[in-house]
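Here the structure comes first, spelled out in structure tokens, and everything after it is commentary.
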């Protein structure tokens with residue numbers, strides 16, 4: 006009479022309670038409340054349906070004890086399982102977040118390295134190549150310096166000076182990138198730029214005379230940009246160029262830089278220091294390369310005594326470009342810049358346009 010079998014009400018309630026306890030859509034307290042209501046329903050059903058009023062309380066008590074113990078152990082097991090799942094999910098989320106942080110740090114580190122070093126050098130660093138040293142021939146080196154900048158910087162505030170430098174460097178950098186040259190270093194208001202080194206996938210196949218032409222065009226463009234940005238006639242740029250062989254390599258452990266070395270670098274610097282403000286001063290080696298490539302410019306030959314050189318040196322001043330190929334490239338660069346500006350403007354307008362869910 007008092008034994009519980011699978012077709013008895015307590016067994017049905019136990020099965021119902023087990024199903025409810027595993028129903029994870031609601032909280033554990035709500036599940037236990039449903040189990041308690043089921044037990045209460047069973048008690049009321051037995052009290053009103055049983056004829057033997059003396060035997061009923063004993064039997065009901067045993068069944069209620071069974072059900073309570075069953076539900077308590079079931080609830081503890083389910084709660085422990087849910088806790089372990091939560092811990093596992095938390096650890097998984099924590100590991101995923103940690104891996105994402107590592108990926109972001111790697112991307113930021115790679116981006117920083119690509120800002121400091123050429124792309125192919127970043128790949129060599131990643132492969133563990135050390136030391137990194139490369140030899141390049143027929144590289145055109147350019148140095149610039151701004152006459153009157155030191156005097157101007159002492160006459161304006163620090164904020165105005167930084168504002169001016171930011172505008173000037175932004176304009177210069179855009180010109181250098183557009184023509185495919187590489188900015189090696191900035192020293193104060195002076196630029197150190199190379200054409201033909203390091204190798205660039207976008208400019209693969211360019212000849213040495215083409216690189217020399219690009220360097221000349223960049224020098225002329227920098228002078229025009231200086232006048233446009235500063236609007237000060239007292240500021241004039243000296244530009245010196247020389248073409249020769251260089252050794253390129255990564256130097257320094259803290260803030261490593263891709264630098265160029267060799268007598269060609271020193272000679273290009275001498276071209277700048279002995280140059281004329283507002284004009285390009287090029288070596289005879291660069292001049293011969295331009296002429297052999299058929300690049301037309303207004304050249305002014307001169308014989309100078311260059312510091313550190315034992316003999317008089319033949320050099321050339323460049324004042325104006327008559328190069329049709331360079332003119333075509335300038336037009337292409339302007340078209341690309343305008344197309345890029347239109348694309349950026351369209352993207353901005355699209356992002357600002359309200360969506361259907363936002364309303365108009």
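Numbering (the working numbering), first residue to last: 6 to 365. Each residue gets a CB set at the ideal place from its N, CA and C atoms; glycine is no exception.
Terminal residues of the continuous beta strand (DSSP E) containing residue i?
i, result
"residue 309", "302-309"
"residue 323", "318-326"
What residue range is occupied by the uninterrupted alpha helix (DSSP H) comprising residue i?
i, result
"residue 218", "213-235"
"residue 25", "14-26"
"residue 295", "289-297"
"residue 127", "124-131"
Have a look at the options and flag the residue whose alpha-carbon is nearest the alpha-carbon of residue i.
i, options, result
"residue 15", "27, 45, 174 and 29", "45"
"residue 83", "134, 25 and 70", "25"
"residue 154", "207, 146 and 169", "169"
"residue 215", "192, 248 and 243", "248"
"residue 311", "273, 284 and 303", "273"
"residue 245", "49, 99 and 146", "146"
"residue 192", "174, 206, 186 and 200", "174"
"residue 229", "217, 39 and 176", "176"
"residue 148", "294, 195 and 172", "195"
"residue 37", "81, 48 and 262", "81"
"residue 182", "159, 171, 219 and 232", "219"
"residue 305", "94, 284 and 329", "284"
"residue 298", "114, 134, 104 and 329", "329"
"residue 225", "100, 323 and 106", "323"
"residue 266", "209, 140, 69 and 201", "140"
"residue 190", "338, 109 and 123", "123"
"residue 259", "105, 13 and 117", "117"
Would residue i and residue j be called neighbours here (beta carbons separated by less than 9 Å)?
i, j, result
"residue 223", "residue 184", "yes"
"residue 221", "residue 326", "yes"
"residue 126", "residue 250", "no"
"residue 138", "residue 253", "yes"
"residue 241", "residue 282", "yes"
"residue 227", "residue 180", "yes"
"residue 278", "residue 150", "yes"
"residue 264", "residue 321", "no"
"residue 319", "residue 243", "no"
"residue 166", "residue 239", "no"
"residue 71", "residue 22", "no"
"residue 213", "residue 142", "yes"
"residue 217", "residue 268", "no"
"residue 187", "residue 206", "no"
"residue 270", "residue 262", "no"
"residue 316", "residue 275", "no"
"residue 33", "residue 52", "no"
"residue 309", "residue 302", "no"
"residue 18", "residue 47", "yes"
"residue 376", "residue 172", "Because the chain here runs from 6 to 365, residue 376 falls outside it and cannot be looked at."
"residue 29", "residue 119", "no"
Among all the DSSP beta bridges, which residues are the ones paired with residue i?
i, result
"residue 242", "151"
"residue 262", "256"
"residue 140", "252"
"residue 281", "DSSP, once it has assigned bridges, lists no residue as partnering residue 281."
"residue 146", "199 and 247"
"residue 286", "245 and 322"
With respect to 8 Å, is the separation between the Cβ of residue i and the closest non-hydrogen atom of the ligand SAM below this value?
i, result
"residue 326", "The ligand SAM is not among the ligands present in this structure, which contains no ligands whatsoever."
- If you scan the segment 150-196 from start to end, which runs of the beta strand (DSSP E) of 3 or more residues do you find wholly inside it? List check, beta strand (DSSP E) in window: 187-192.
- What are the uninterrupted segments assigned as alpha helix (DSSP H) that are 4 or more residues long and contained completely in the segment 28-91, given in chain order? 33-54
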